[in-house]
Structures are given as C-alpha cells and as structure tokens.
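Notes follow the structure.
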Amino acid sequence: MASTSAAALRTAKRQLRKTMAQTLASMRPEEIDKQSQKVAEQVLKSQTYARARSISVYIHMDVGEVITDEICRSVLRDGKRLYVPLFASPSKPARATGPTVASAPVDVKTELATDMIMLRLRDVAEYESMEKNRWGIREPPLTYADGTLREEALDETTGGDGLDLILAPGVAFDRAGGRLGHGKGYYDRYLTRAEEWATRRGMQGPVTVALALREQVLPSSERVPADERDRVLDGIISPDGTILPASSSRWSS
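Right under this line is the structure:
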C-alpha cells in the first residue's frame, strides 16, 4: 500500500512539473522581468529583510524563475552577508595505481553533489564573475581568489554563523506554503540542516520564503503533491503579494 502511495505521489509530482514547465516556457522574458521587479520590491522593503544579517538567495535559471539579480546586489550593497547555493562540484579523478605522466591531461567532470551548501559572496564583483555549471546555473568556486576556503553558512570553521533568511526557488507553490522543487530534494534537506544547526546553538532557524512568478502559484483550491519530507515554507512572495500560511507569522512585510 505504501509503495503504491509513493508511486502515485511521484507520478503526481512529475505531471505537475511537466505542466508547469510548459506554462513557464511560454512566458515572455519581459513579463518575467516585470514580475521579478515586483517581487524584489516586496522583499527589499520588508521588515524581515531589514532585520536579517545573513541571507541566502538562489541564483535564477535563464527561464521559469523569478530573477534574483537585484536582490543579490542589494544584499551586498546593504552590508549584509550574501550566501548562494553550490550543488555541482568537480568530481575527483580516480587515483592512479601505476606509472603516470605528470603533464597528462586529467578529465575532470562536473557532477551533482549529494547535498547543497551555501557559500558567501563578499562583493558585487564576485557575484558578477560567477560561471555557469553544466546545467546553466551560475555557482561560486569553493575558494576565494586568494585560495582560502569560501565561507560556508553552516560551517563555523570557515566563518559561517548561520542564516537569518533563505529565499528559495521552486517549480510550483500553493497557498498553504507547499513547494514543489525540481526533484533532487536539495532545499528540503538544506532547510532541515539549517534548522538543526540553529537548534543545537539555541538559536531560531532561518525564515524561509519562496519567490514565485504568478503562474507558479496554484489556485486556492489546489495543493502541490507532498509528503512528510517536503518542507512547508514561512511564506511565498509573488507579484500579487505575500502568501502566508495560517500557521506562520515569521515573515513581516
């Protein structure tokens, strides 16, 4: 019975992702720009943003997501700590077991990491110099220009001190705070880790809010398919306003 239910959930998620992908692919770039500006305005004028010192912001894909450039640059200009996701990393080449030629080229491929981490960008120049990974998403390198390890939000050995606010992406959202991601579970697992990190230190976990295009928000009568592993958000910000689940009051506009 459980396996049947799990299979039905996977099917429902896959179908919603397919339907939403078709909808988002048909959107004009200028419409996405317009909606993104309205979303950014709401984020940047909010009390939650004003209070936050450390903020994680996703780096948008070329299509189908709220553009986050303005938010990222504002975080840096406002003197806050900006962290962005790294979920792809160079695979480690196999260790040689016989004679090798030092100058021989090594084929290092990029692969999906098991878990996502949030790395700090210190200025706009670092933000603008990020390169795209093989999936077309800009990511920071693991080290700064001087070779030192880049600060990771949940790693105190690198200078990380947790997060106050996480701005998350997604494929579809509902008005109860439900979120459908791309299927890898990166954000669901990261939100759990961030809360556990804060709890161990007697701190409150980060406020987590998704940024959504109007087309990504389901009608009030519908819910995204989910189970206990799928995290409920503190809020969803769309061009039409902020959607707050009845159980949440952590976001302040």
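Quick note on numbering: the sequence shown equals residues 1 to 253 in the numbering used here.
Even for Gly, the Cβ is constructed at its ideal location relative to N, Cα and C.
key: Glu222 (DSSP reduced to helix, strand or coil)   = coil
request  = Could you tell me which uninterrupted beta strand (DSSP E) segments, each at least 3 residues in length, are contained entirely in the stretch 145-188, listed from first to last along the chain?
outcome  = 165-168
ask   = Cα separation between Thr19 and Pro140?
value = 31 Å
query = Expressed to the nearest angstrom, what Euclidean distance is found between the alpha-carbon atoms of Ile243 and Leu180?
reply = 16 Å
message = Run through the DSSP bridge pairs and tell me what Gly235 is partnered with.
response = Val209
inquiry  = Tell me the DSSP secondary structure of Lys80 in three-state form.
reply    = coil
Inter-stretch contact (C-beta, 8 Å, three-pair minimum) for the stretch 121-137 and the stretch 20-30 = no
request  = Tell me, please, whether the stretch 212-221 touches the stretch 187-203 by the rule of three or more beta-carbon pairs shorter than 8 Å.
outcome  = no
query = Which residues in the same chain have their Cβ closer than 7 Å to the Cβ of Arg250, if we skip the five residues on either side of it in sequence?
reply = Val207, Asp234
request  = Output the boundary residues of the alpha helix (DSSP H) element that contains Ser36.
outcome  = 29-44
ask   = Among Thr68, Asp115, Ser54, which one has its Cα closest to the Cα of Arg122?
value = Ser54
request  = May I ask you to verify whether the stretch 57-70 touches the stretch 164-176, counting CB pairs closer than 8 Å and requiring at least 3?
outcome  = yes
Reduced DSSP category for Ser74 - H, G, I as helix; E, B as strand; rest coil = helix
message = For the stretch 64-81 against the stretch 30-50, do three or more pairs of beta-carbon atoms, one drawn from each stretch, fall closer than 8 Å, so that the two count as touching?
response = yes
query = Does the beta-carbon of Glu156 have 16 or more other beta-carbons within 10 angstroms, so that it is buried, or is it exposed?
reply = exposed
query = With respect to the alpha helix (DSSP H) encompassing Val57, which residues constitute its N-terminal and C-terminal limits?
reply = Unbroken run through Val57 is the beta strand (DSSP E), 54-57; no alpha helix (DSSP H).
task = Please state if the CB of Leu76 and the CB of Val124 are separated by a distance shorter than 7 Å.
result = yes
Gly159 versus Val39: straight-line alpha-carbon distance, rounded = 31 Å
Under the three-state DSSP convention, the category Thr68 falls into = coil
ask   = Grouping DSSP H, G and I as helix and E and B as strand, with all else coil, what is Met20?
value = helix
ask   = Near Ala153, what residues of its chain come up, given a Cβ to Cβ distance below 6 Å and the 5 sequence neighbours on each side ignored?
value = Tyr83, Met118, Gly160, Leu163
query = When you compare each of Ser220, Leu165, Phe173 to Ser198 by their alpha carbons, which one comes out closest?
reply = First, the amino acid is wrong: residue 198 is Ala here, not Ser. If we check each option's Cα against that of Ala198, Leu165 comes out closest.
message = What does the alpha-carbon distance come out to for the pair Pro29 and Gly202?
response = 44 Å
query = Is Asp107 helix, strand or coil by DSSP?
reply = Below a pLDDT of 50, predicted positions are generally treated as unreliable, and Asp107, at 42, falls in that range; no measurement from the model is reported.
ask   = How would you label Asp240, buried or exposed, when you count the other beta carbons within 10 angstroms and need 16 or more for buried?
value = exposed
key: For Arg120, three-class secondary structure by DSSP   = strand
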